[in-house]
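In this text, residue positions in the sequence shown follow my numbering: the first is 658, and each later residue adds one. Built from N, CA and C at the ideal position, the CB exists for glycine as well. Note that this is a predicted model, so its numbers are computed, not measured.
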Amino acid sequence: MGLKIVHTADIHLGHSFEGAGLLPEEGALWRQEIWQVLDQICQCAKEEKADLLLVCGNLMDGELSPADRERCRDLFQEIAPVQVVWILGESDPKEDLGEWPDNVHRVPPGFKRYDFPEKDVVLWAESWSDAVWPDGFSQFIPKASQGQFQILMLHGEADQEVSQYHSIDMQAILQMGIDYCALGHRNHPTCWGREGAVWAAYAGSPASVSFEDPGDPGFWIVELEKEGTSCLRRLQRRQTGRRRFVSQEIMLRGEQEAETIADRIAASFSSGNRRRDFCRAVLRGERGGFLPIDAETLRRLLVPSRFFSLTIVDQTTPELSYDRIREANPDNLLGRYIETMQERIRKAGSERERELLESALAAGVEALLHSQEKGR
Ligand SMILES: [Mn+2]
658 MGLKIVHTAD IHLGHSFEGA GLLPEEGALW RQEIWQVLDQ ICQCAKEEKA DLLLVCGNLM
718 DGELSPADRE RCRDLFQEIA PVQVVWILGE SDPKEDLGEW PDNVHRVPPG FKRYDFPEKD
778 VVLWAESWSD AVWPDGFSQF IPKASQGQFQ ILMLHGEADQ EVSQYHSIDM QAILQMGIDY
838 CALGHRNHPT CWGREGAVWA AYAGSPASVS FEDPGDPGFW IVELEKEGTS CLRRLQRRQT
898 GRRRFVSQEI MLRGEQEAET IADRIAASFS SGNRRRDFCR AVLRGERGGF LPIDAETLRR
958 LLVPSRFFSL TIVDQTTPEL SYDRIREANP DNLLGRYIET MQERIRKAGS ERERELLESA
1018 LAAGVEALLH SQEKGR
């Protein structure tokens, strides 16, 4: 007999997006759309006639409103008889204010065993109580039992000796003899074991919430099949292809006009990204002017005409141009130094003399630019 699992994690219902680089209204929109992502996962579990829907932590970001808790409960209730088990990650509320139907199992902080005898499943699950746990799952070794599926659910950082996010020793898990370890915490999916024999996996987030860690939005459909002591495990990736967080670096080479820079930005993203995704343009290299780029003016040139959403980060430095620096410094030593040296270079009597003067100009400007007073 087989076992079918839909494995997800890190959905972050109610995430605030403050400081994520999105406008407040963009954050509000994505917060609403993430509910549709959860709906998609639930519908998949129903259509696939999955036995279990495992949510491996960070289902929520802090306490939800009563209306949102109800919405979550309804989504899970509708897919019965699929059994939903969710463990708590660092961002889930530790207090349970929800009323959950029979097919939903919210694992309270700590380590807990669930039995689903009609499905031959023993499920071990651990919920966060604190970032550091004095005794966790590693205290426990399930007894090898033929014919029963041994499943483990954890939220934390695998194979990192020092982590503030609950270190998980994968070697210890391998020796426990569990059939599948469903992990949450990393935004990017990761698997342990070769194809057909994957014994542990991070689900990855089905809905990214950050430019820093966009991941690969989706979830797993896991099929286990047992024959005696051996267990076949197949993983299939389902993408949740709504919006993504896409960041591009754009190297400027002295561009100055806002329209020109806007065109460079637009050309750096595919039309699909521009139409649908949260885009971030990180401008690097050299800009034409000394003044910083006006990101808001630039953004208005591109949103909403060419982008659905765009965040601009200016990390450019002014293009080093002797003429521009001289013009910007007419009354100090820096400007007068450039003027004098340019005059002498023009009048240089030999190639050798000109080279010497040019390197003196470069060294002098470099020193003066980095001095506080610019030789005033
Ligand atoms: Mn986490």
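_Cβ-Cβ distance between His812 and Gly746 below 7 Å_ = In this structure, Gly746 lies closer than 7 Å to His812 by Cβ.
*Who are the near neighbours of Glu906 in its chain, counting only those whose CB is closer than 7 Å to its CB and skipping five residues on each side?*
Apart from sequence neighbours up to five positions away, the residues of its chain that approach Glu906 with a beta-carbon distance below 7 Å are Val939, Arg941, ordered along the chain.
_Among Pro750, Ser962, Gln999, nearest to Pro766 - alpha-carbon criterion_ = Comparing Cα-Cα distances from Pro766 to each of Pro750, Ser962, Gln999, the minimum goes to Pro750.
_Could you check whether the region 878 to 885 touches the region 671 to 681, counting it as contact only if at least three pairs of C-beta atoms, one from each stretch, sit closer than 8 Å?_
The region 878 to 885 vs the region 671 to 681: no contact.
*In three-state terms, what does DSSP make of Asp920?*
Correct three-state label for Asp920: helix.
*Would you identify the three-state DSSP class for Val1022, choosing helix, strand or coil?*
Secondary structure of Val1022 (DSSP, three-state): helix.
*asked:* Classify Pro949: buried if its beta carbon has 16 or more other beta carbons within 10 angstroms, exposed otherwise.
replied: Pro949 should be labelled exposed.
*In chain order, what residues of the same chain lie with their CB nearer than 7 Å to the CB of Arg932, ignoring the 5 residues before and after it?*
Closer than 7 Å at the Cβ level, and outside the excluded window around Arg932, lie Phe965.
*Any idea if Gly719 is buried or exposed, counting beta-carbon neighbours within 10 angstroms, 16 or more meaning buried?*
Classification of Gly719: exposed, given that the 10 Å Cβ count is below 16.
*Any heavy atom of ligand 1 within a distance shorter than 6 Å of the CB on His842?*
At least one heavy atom of ligand 1 lies less than 6 Å from the C-beta of His842.
*Report yes if the C-beta of Glu747 is less than 6 Å from at least one heavy atom of ligand 1; otherwise report no.*
At least one heavy atom of ligand 1 is nearer than 6 Å to the Cβ of Glu747, so yes.
_Excluding the 5 residues flanking Arg843 on each side, which residues of the same chain have their C-beta closer than 6 Å to its C-beta?_
Tyr859, listed in sequence order.
*Residue ranges of each alpha helix (DSSP H) within the region 878 to 929, 4 or longer*: Unbroken alpha helix (DSSP H) runs of no fewer than 4 residues, entirely contained in the region 878 to 929, are found at 915 to 924, following chain order.
*According to DSSP, is Gly992 helix, strand or coil?*
Correct three-state label for Gly992: helix.
*Do the region 751 to 759 and the region 724 to 731 meet, that is, are 3 or more Cβ pairs less than 8 Å apart?*
Two segments are said to touch when three or more pairs of C-beta atoms, one from each, lie closer than 8 Å; by this definition the region 751 to 759 touches the region 724 to 731.
*What residues are listed by DSSP as bridge partners for Cys648?*
The question about residue 648 has no answer, for the chain in this structure spans 658 to 1033.
_Three-state secondary structure (DSSP) of Ser978_ = Judged by DSSP in its simplified three-state form, Ser978 adopts coil rather than helix or strand.
*According to DSSP, which residues form a beta bridge with Leu660?*
Leu660 is bridged to Leu881.
*Gln693 - DSSP class collapsed to helix/strand/coil*: Three-state DSSP puts Gln693 in a helix.
_Do Val739 and Ala702 count as a contact pair if the criterion is CB distance below 7 Å?_
Contact: yes.
*In or out: Leu881 buried (at least 16 other Cβ within 10 Å) or exposed?*
Counting Cβ neighbours within 10 Å, Leu881 comes out buried, since at least 16 surround it.
*Cβ of Arg890 within 7 Å of Cβ of Ala839?*
It is not a contact, given that the beta carbons lie outside the stated cut-off.
*asked:* Considering just the uninterrupted stretch of the beta strand (DSSP E) at Leu840, what are its terminal residues?
replied: Where Leu840 is concerned, the enclosing beta strand (DSSP E) stretches over 837 to 841.
*Skipping 5 residues on each side, what residues in its chain have a beta carbon closer than 6 Å to that of Val903?*
Within the same chain, Val903 has close Cβ partners Asn930, Asp934, Cys936.
*Arg600 and Gly875 look like a contact to me (Cβ under 8 Å); what is the Cβ gap, rounded to whole Å?*
As displayed, the chain neither begins before 658 nor continues past 1033, which places residue 600 out of reach and without an answer.
*Under 7 Å between the Cβ atoms of Val879 and His1027?*
Going by C-beta atoms, Val879 is not nearer than 7 Å to His1027.
*Whole angstroms is fine: what's the gap from Glu1008's alpha carbon to Asp971's?*
Distance between the alpha carbons of Glu1008 and Asp971: 40 Å.
*If you draw a straight line from the C-alpha of Asp708 to the C-alpha of Ile662, how long is it?*
Asp708 and Ile662: Cα-Cα distance of roughly 6 Å.
*Does the distance from the CB of Asp696 to the CB of Leu732 come in under 7 Å?*
In this structure, the beta-carbon distance from Asp696 to Leu732 falls below 7 Å.
*May I ask you to report which of helix, strand or coil DSSP gives Gln972?*
Per DSSP, reduced to three states, the secondary structure at Gln972 is coil, with no helix or strand assignment.
*asked:* From the DSSP secondary-structure annotation, give me the bridge partner or partners of Val939.
replied: The beta-bridge partner set that DSSP reports for Val939 consists of Glu906, Val970.
*Would you kindly work out how many angstroms separate the C-alpha atoms of Met908 and Cys713, rounded to a whole number?*
Each residue's alpha carbon lies about 40 Å from the other.
*Would you list the residues sitting across from Gln807 in a DSSP beta bridge?*
Bridge partners of Gln807: Val779.
*Have a look at Ala915 and Ser962 and give me their C-alpha separation to the nearest angstrom.*
When rounded, the distance between both Cα atoms is 15 Å.
_Can you list, in chain order, the residues of its chain with a C-beta nearer than 6 Å to that of Ser925? Leave out the 5 residues immediately preceding and following it._
Within the same chain, Ser925 has close Cβ partners Gln905, Ile907.
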